[in-house]
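Per this note's numbering, the very first residue in the sequence shown carries number 2; after that it's consecutive.
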Amino acid sequence: MLTLDPETITAVFAAAAASPDWVRTNLGQHVRVSHGSDAYYVEIHSSGRYLAQIAAWEGYGGTEDIRGANATPDQHRALTAAANRYAP
2 MLTLDPETIT
12 AVFAAAAASP
22 DWVRTNLGQH
32 VRVSHGSDAY
42 YVEIHSSGRY
52 LAQIAAWEGY
62 GGTEDIRGAN
72 ATPDQHRALT
82 AAANRYAP
């Protein structure tokens, strides 16, 4: 399991909030964004009871799950606004 530093978490959430590539599924909304040479998957749970999270990392060597990379309430609001704008 991969652990991210706070600067990377902030940058990934900022990229996700600016992305028009959000997708809605029955599990919630998600988007794949790039930061540096890696890709990250940001998810918003469909129940709305949980803060958005960075769920996975994809880079050289494959894909790994990420745990504990949750958005702050302010980041969550920005992500939800972007997700609802592009994947209502």
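Cβ coordinates follow ideal geometry from the N, Cα and C atoms, glycine included.
In this text, all values refer to a predicted model and were calculated from it rather than measured experimentally.
Collapsing the DSSP output to three states places ASN71 in a strand. For ALA40, the enclosing beta strand (DSSP E) covers residues 39-46.
Straight-line spacing of the CA atoms in TYR51 and ILE45 works out to 8 Å. In this chain, ALA56 is not harboured by any alpha helix (DSSP H); it is covered by the beta strand (DSSP E) spanning 54-60.
In the structure shown, ARG25 falls within a strand segment according to DSSP collapsed to helix, strand and coil. The C-beta of VAL24 has fewer than 16 other C-beta atoms within 10 Å across all chains shown, which makes the residue exposed.
According to the DSSP assignment, THR64 belongs to the beta strand (DSSP E) that extends over 63-66. When only Cα atoms are considered, GLN30 and ALA83 end up about 10 Å apart.
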